[in-house]
Amino acid sequence: MSAETVSRESDGSGELKSSSMASSSPSGHSSAPSSPAWVVNYNLVSGSLWSFIFIDTVFTAILFGQPQMFDLTSTWLTLIQSGAIVEMYNSAVGNVRSPLFTTVMQVASRFLLIFGIFQALPYSPANYHWSYITLSLAWSVSEIIRYYYYAAKTLSHGNPPRALTYLRYNAFTILYPIGISSEVFIVYSSLDEAAYVYGPLYKYFLIACLISYIPGAYILYSHMLKQRSKVLKQLANEKAIKKAE
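Mapping the sequence shown onto full-length UniProt numbering, position 109 (from 1) lands on 109, and the numbers just tick up by one.
Printed below as a string of structure tokens:
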């Protein structure tokens with residue numbers, strides 16, 4: 001990617017905010033988060049890890065199903081999803097253009113599931129429900145698309161394949177509702193287990209989190225719809241210009 005290229009849009013996955021792709025520290029060495037190689041590698045590695053989650057989910061679900069599914073896959077899902085802390089860091093320090101508020105909302109809801117339910121309440125009946133499978137599939141497919149899209153966008157100087165762009169800004173319209181409904185079901189179905197293991201306060205905490213999903217889901221989904229409208233409009237304009245030529 002050229003030194004003058006500026007990222008147009010990002011949701012925390014590692015696209016650069018600054019137009020300088022090789023900003024230097026006082027010592028003269030490039031800072032890691034602002035390195036184009038660091039950005040590309042982060043997205044490619046993340047996409048590969050989520051591809052593993054997808055494959056693991058599909059084959060484990062087919063071969064074993066629930067309840068073995070959760071026991072065999074939850075550790076990997078927790079470890080790989082934990083890497084999202086990097087996205088909050090990138091947004092907080094300004095390495096990407098993603099708003100910190102929406103980034104934290106996205107990551108926090110997933111951390112609630114992996115730490116607040118899967119790890120804190122490993123015997124919750126919700127973990128052994130089929131909704132765990134739909135959640136894992138929705139998460140993994142959306143992340144595969146997202147990370148590879150941003151890797152392609154960086155490598156192509158801001159011009160990723162049109163098909164990948166359409167996939168990025170259309171697939172979420174299906175994947176997000178599946179993911180969010182799976183999350184809500186799992187948290188709701190874990191309320192009794194939370195009260196049994198940790199007492200009523202933890203149950204009330206989870207109820208508060210469920211309530212927060214109402215404005216949170218609206219904000220995040222509306223944000224993505226706005227981005228979708230902007231990007232698809234830009235693609236349509238580019239197509240019209242090419243036809244005119």
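The beta carbon of each residue, even a glycine, is placed where N, CA and C say it ideally should be. All of these numbers come straight from a predicted model, not from anything done at the bench.
Residue i (DSSP reduced to helix, strand or coil)
| i | result |
| --- | --- |
| Ser156 | coil |
| Tyr123 | coil |
| Ser74 | helix |
| Phe172 | helix |
| Pro215 | helix |
| Gln66 | coil |
| Ser98 | coil |
| Ala108 | helix |
| Pro161 | coil |
| Ala22 | Residue placement at Ala22 cannot be trusted, given a pLDDT of 36 that sits under 50; what the coordinates show is reported in the next sentence. In the structure shown, Ala22 sits in coil (DSSP, three-state: anything other than H, G, I, E or B). |
| Gly83 | coil |
| Ser229 | helix |
| Ser190 | coil |
| His129 | coil |
| residue 250 | This structure gives no information on residue 250, because the portion of the chain shown stretches from 1 to 245. |
CB-CB length for residue i against residue j, believed under 8 Å
| i | j | result |
| --- | --- | --- |
| residue 249 | Gln66 | Residue 249 is absent from the model: the chain starts at 1 and stops at 245. |
| Pro88 | Leu220 | The displayed chain sequence assigns Met, not Pro, to residue 88. Between Leu220 and Met88 the Cβ distance is about 15 Å, and since that is not below 8 Å, they are no contact. |
| Leu72 | Phe64 | 7 Å |
| Tyr148 | Gly47 | 4 Å |
| Leu155 | Val40 | 6 Å |
Chain-order list of residues whose beta-carbon lies under 6 Å from that of residue i (same chain, five-residue window excluded)
| i | result |
| --- | --- |
| Ser189 | Ala126 |
| Ser27 | Summary for Ser27: the model assigns pLDDT 38, below 50, so the residue's position carries little reliability; its value from the coordinates is reported in the next sentence. Within the same chain, Ser27 has no close Cβ partners at all. |
| Tyr202 | Ala194 |
| Ile114 | Thr78 and Gln81 |
| Met224 | Phe172 |
| Ser74 | Phe118 |
| Tyr123 | none |
| Val107 | Ala84 and Met88 |
| Arg228 | Tyr169 |
Contacting residues, own chain, Cβ-Cβ under 7 Å from residue i (five flanking each side not counted)
| i | result |
| --- | --- |
| Leu167 | Ile145 |
| Ala152 | Pro160, Pro161 and Leu164 |
| Leu175 | Ala138, Val141 and Ser142 |
| Leu235 | Arg162 and Thr165 |
| Ala217 | Ile180 |
| Ile183 | For the record, residue 183 in the displayed sequence is Glu; it is not Ile. The residues are Ser109, Leu113 and Leu135. |
Residue i and residue j closer than 8 Å at C-beta
| i | j | result |
| --- | --- | --- |
| Ser181 | Ile53 | no |
| Ser131 | Thr57 | no |
| Ile178 | Ala61 | no |
| Val231 | Tyr169 | yes |
| Leu112 | Val197 | no |
| Phe205 | Tyr128 | no |
8 Å Cβ shell around residue i - same chain, five flanking residues per side excluded
| i | result |
| --- | --- |
| Leu49 | Ile80 and Gly83 |
| Pro99 | Ser91 |
| Ala240 | none |
| Ser51 | Ser140 and Ile144 |
| residue 257 | Lying outside 1 to 245, the shown extent of the chain, residue 257 is not represented and no answer is given. |
Any C-beta of chain C under 8 Å from that of residue i
| i | result |
| --- | --- |
| Tyr213 | Considering every chain present, this structure includes no chain C. It has just one protein chain. |
Review point. Is the segment 203 to 211 in contact with the segment 173 to 193, if contact means three or more CB pairs nearer than 8 Å?
Key: Yes, they touch.
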